[in-house]
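Sequences listed follow chains C and D, in order. Taking my numbering, the leading residue of the first sequence gets 429, the next gets one more, and so forth. Taking my numbering, the leading residue of the second sequence gets 1245, the next gets one more, and so forth. Input: a single structure, listed below in structure tokens.
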Amino acid sequence: MLTDIGQRRERLAIPGEAYAAFAILALLIAVPLFAGNAAVDKLTTLFVYLLLAVMWNLLAGYAGIVSVGQQAFFGLGGYFAVRLVEAGLPPYWAFFVGALGVAIVAIPISAAILRLKGGELAIALWVLAEVLRLAVMFDPLVQGETGISLLAMNSFDPTFRRNLNYWLGLAAVSGMLVAAYFLLRSKIGLSAKAIRDDEEAAKSIGIDAMRVKQVFFVIAAFGCAIAGMIWLANTITYQPRTNFGIQWTVFMLFMVLVGGLGTFAGPIVGAVVFFLLQEIFGNYGAWYLAGLGLIAILFASMLPGGIMGYVQSKTGFVPFSDGMTQNNRKRP
Amino acid sequence: MSEPAILSCAGLRKSFGRFQALSAVDISVGRGEALGVVGPNGAGKTTLFAILAGALRPSDGSIAFEGRDVTSMDASQRCRYGIVRTHQIPRPFLGMTVIENVLVAAMNGGGLSGEAAWAAAEAALEQTELAQHAARPTQTLGLLDRKRLELARALAMNPRVLLLDEIGGGLTEAELEGLLELVARLKRSGMTIVWIEHVLHALVASVDRLICMSEGRVIAEGAPAAVMADKAVAQTYLGRGVQ
Ligand SMILES: Nc1ncnc2c1ncn2[C@@H]1O[C@H](COP(=O)(O)OP(=O)(O)OP(=O)(O)O)[C@@H](O)[C@H]1O
Ligand SMILES: [Mg+2]
């Protein structure tokens, strides 16, 4: 009987740490029932960070695409939502449809931009984010620097809205983590890792590198757009300079490099560390941003695997390891 | 040659800047044939493979596979068609496990999915004596095992034409024996093989035909024994003191 369960567990390939994750998830679901408003708001912000970190890790850690322009999709998502609400869509529908819209727009963008490599690609994405920001600022609805408030959100009861944002954020993070877990074990995930390790060798084993990178790029664009939506739902104001801000890229770099590039748990650890730093130093402005960048660079050069890479190599325990062994083979 | 050609190239040239690595190479490989390629260092053998597999574009000339011009096809397409190469300097995916390296090949170049892909991957590891290392991070493999992995990855794709670039170097006699048996088995299964090798006695024992390249040209071609006895071949080899 016991071995039977053991075998079934193995066949379903549920790692032991998943049970811990389920317990944390159950606890987090219940938080709004007992915690105060401030705590719920803060945790919603943490979910935004988590989403961004997980997306950036998918891009850079697993597909080898180093982007310093993911704020393009964060900001564009918010803009689409603002426009869709203006056109009469209920806000939460607008968030969802807007994020899908960003994913669709990301398809032609990926086809153009992924032809570039390394530094050129990174810069092209940053330029894209800036161009999109300028374009959005020309929209009279947004009123340039001033921005716009999503007044439609005021029709909801504040507590209801706060809790809904929280649960949506939690659902988005958990959904993306589960999706990433399975993605990395699929043909496309394995192919992405191969491209990351050696693109020419990947082509020599029949991998269509462009298509694989496009899939990761579009998923990451969608995830960043969702993060932008949750941020917008929580703050209600949309300002191009904030929503398209380069600080989002600094945050992503920091979280992933400190947490552990190319490790599954790294971005989660990095997001929590960053969240705590924000709590302590969050109002120090430009110097704070520069400090974050410096720490990220220090980590990248001195501890390339970040915190998780270090812990994993010291303990041999790799939570949610994406490195498959024969245990992952589903036997009939 | 009597059999119809499965892979051929005509008038291949490749220059790197002013340096001519290949000048007017015509080669034809018969279906199911095992063709050996020898020649001194820098003769252009690896460059020829890179062009046949689509990793490099020729400066001039054309490549045909199964009677169809594939010159403009990229490497990944050619691989899915069945032209598979191993790299002389192994290029494993270092951030993945050993079995993942092979699995990803079975899924892409091999066109397999699910259970069939796993089965092909495990079979390829067994054939190359890597099975006991399946779960290891590839980073921890030594050079010899990385060479084996290069071969395992290729075999997992069940190629129509297999281009082997110096997979025998550094093996012990016993290991070489095993490799020769494997190549013979692949040949019996109908696979076409082109094999570059400096371990001449192994090569001569297992190929149907041999070509010798030097300075970007084919200087001799024919039955292995006849090519090895050729004056020009002896001169290029002895003249440079290579094996
Ligand atoms: N990318 C490149 N750029 C410039 N020169 C190159 C390049 N690739 C190869 N060459 C040159 O082309 C010549 C042929 O190289 P190639 O690797 O094809 O030789 P080879 O016959 O495989 O030799 P070996 O037996 O040492 O493997 C060499 O002189 C090499 O230096
Ligand atoms: Mg060579």
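Where a beta carbon is used, it is the ideal one built from N, C-alpha and C, also for glycine.
Residue i vs residue j beta-carbon contact at 8 Å
i	j	result
D:Y1481	D:P1284	yes
D:A1278	D:L1407	no
C:I541	D:S1320	no
C:G690	C:Y490	yes
C:A522	C:A534	no
D:T1341	C:T753	yes
C:D469	C:R590	yes
C:K621	D:S1357	no
D:I1250	D:E1344	no
D:G1412	D:G1288	no
D:I1271	D:V1451	no
C:F727	C:I493	no
C:D625	D:L1338	yes
D:D1409	D:H1331	yes
C:F702	C:M730	no
C:L544	C:A552	yes
Residue-chain proximity (residue i, chain D), Cβ-Cβ < 8 Å
i	result
C:G763	Here chain C covers residues 429 to 760 and nothing more, so residue 763 of chain C does not appear.
C:A736	Reading off the sequence shown, one finds Met at residue 736 of chain C, where the question assumed Ala. It does not: the Cβ of C:M736 has no partner Cβ on chain D nearer than 8 Å.
C:S741	no
C:S632	yes
C:R436	Summary for C:R436: the model assigns pLDDT 45, below 50, so the residue's position carries little reliability; its value from the coordinates is reported in the next sentence. So, not an interface residue.
C:G751	yes
C:I635	yes
C:R757	yes
C:Q642	no
C:Q667	no
C:Q675	no
C:Q499	no
C:Q754	yes
Residue-chain proximity (residue i, chain C), Cβ-Cβ < 8 Å
i	result
D:C1253	no
D:L1266	no
D:G1386	no
D:N1352	yes
D:F1293	no
D:P1381	yes
D:F1337	yes
D:L1347	yes
D:A1489	The structure shown does not extend to residue 1489 of chain D, since chain D spans only 1245 to 1487, so no value can be given for it.
D:C1323	yes
D:R1329	yes
D:M1340	yes
D:I1250	no
D:R1301	no
D:A1319	yes
D:A1378	yes
D:W1439	no
D:A1297	yes
D:S1316	no
D:I1343	yes
Contact set between residue i and chain E, taken where Cβ atoms lie within less than 9 Å
i	result
D:M1435	Among the protein chains in the structure shown, which are C and D, there is no chain E.
Against chain D, which members of the segment 597-628 of chain C pass a CB distance test of less than 7 Å? Listed in sequence order: K615, L618, S619, K621, A622, R624, D625, D626 and E628.
Kindly confirm or deny that the segment 468-478 of chain C and the segment 687-704 of chain C touch, where touching means at least three C-beta pairs closer than 8 Å. Of all C-beta pairs linking the segment 468-478 of chain C to the segment 687-704 of chain C, three or more are shorter than 8 Å, placing the two stretches in contact.
4-residue-minimum alpha helix (DSSP H) runs that sit fully inside the segment 532-584 of chain C, ordered along the chain: You should have 546-565.
Touch check for the segment 1421-1439 of chain D and the segment 1266-1280 of chain D: three-plus C-beta pairs under 8 Å? Cβ pair count under 8 Å is three or more, so yes.
Ignoring anything shorter than 4 residues, give me the alpha helix (DSSP H) runs that lie fully in the segment 1258-1335 of chain D, in order along the chain. DSSP runs (the alpha helix (DSSP H)) wholly in the segment 1258-1335 of chain D: 1289-1297 and 1319-1325.
Please go through the segment 1392-1466 of chain D and give each complete beta strand (DSSP E) segment of 3 or more residues, from N-terminal end onward. Along the length of the segment 1392-1466 of chain D, whole beta strand (DSSP E) runs at least 3 residues long occupy 1405-1409, 1436-1440, 1453-1458 and 1461-1466, reported in chain order.
Just list the beta strand (DSSP E) runs in the segment 442-485 of chain C, keeping only unbroken ones of 3 residues or longer that don't cross its boundaries, in chain order. The qualifying runs do not exist here; there are none.
Count Cβ pairs between the segment 642-657 of chain C and the segment 489-508 of chain C that sit closer than 8 Å; are there 3 or more? Contact holds: three or more Cβ-Cβ distances are below 8 Å.
So, does the segment 1374-1382 of chain D touch the segment 1253-1272 of chain D, judging by three or more C-beta pairs under 8 Å? At 8 Å Cβ cutoff, the stretches do not touch.
Examine the Cβ distances between the segment 446-460 of chain C and the segment 659-677 of chain C and report whether three or more of them are shorter than 8 Å. Flag = no, the segment 446-460 of chain C and the segment 659-677 of chain C do not touch.
Tell me whether the segment 1302-1319 of chain D and the segment 1467-1482 of chain D touch, counting them as touching only if at least three CB pairs, one residue from each stretch, are closer than 8 Å. Look at the beta carbons and you see the segment 1302-1319 of chain D not touching the segment 1467-1482 of chain D: under three pairs across the two are nearer than 8 Å.
Counting pairs of Cβ atoms below 8 Å between the segment 1420-1427 of chain D and the segment 1437-1451 of chain D, do you hit three or more? In short, these stretches touch, since the Cβ pair count reaches three.
Unbroken beta strand (DSSP E) runs of length 3 or more, entirely within the segment 638-707 of chain C: which are they? Secondary structure remark: continuous beta strand (DSSP E) runs of at least 3 residues inside the segment 638-707 of chain C: none found.
If we count Cβ pairs, one from each stretch, closer than 8 Å, do we get three or more for the segment 1258-1267 of chain D versus the segment 597-606 of chain C? Contact fails: fewer than three Cβ-Cβ distances are below 8 Å.
Say whether the segment 1393-1404 of chain D touches the segment 1346-1365 of chain D, bearing in mind that this needs 3 or more beta-carbon pairs closer than 8 Å, one atom from each stretch. With a cut-off of 8 Å on Cβ pairs, the segment 1393-1404 of chain D is in contact with the segment 1346-1365 of chain D, counting three or more such pairs.
Any contact of the segment 573-593 of chain C with the segment 1297-1309 of chain D, i.e. 3+ C-beta pairs under 8 Å? Between the segment 573-593 of chain C and the segment 1297-1309 of chain D there are fewer than three inter-stretch CB-CB distances shorter than 8 Å, so the stretches are not counted as touching.
If contact is defined by three or more beta carbon pairs under 8 Å, each pair taking one atom from either stretch, is the segment 571-581 of chain C in contact with the segment 523-532 of chain C? In this structure the segment 523-532 of chain C does not touch the segment 571-581 of chain C; the number of beta carbon pairs closer than 8 Å is below three.
Closer than 9 Å, Cβ to Cβ, to anything on chain C: give me those residues from the segment 1395-1407 of chain D, in chain order. Correct list: R1397, A1398, A1400 and M1401.
Residue ranges of each alpha helix (DSSP H) run of no fewer than 4 residues wholly in the segment 1347-1378 of chain D, ordered along the chain? Here the runs fully enclosed are 1358-1371.
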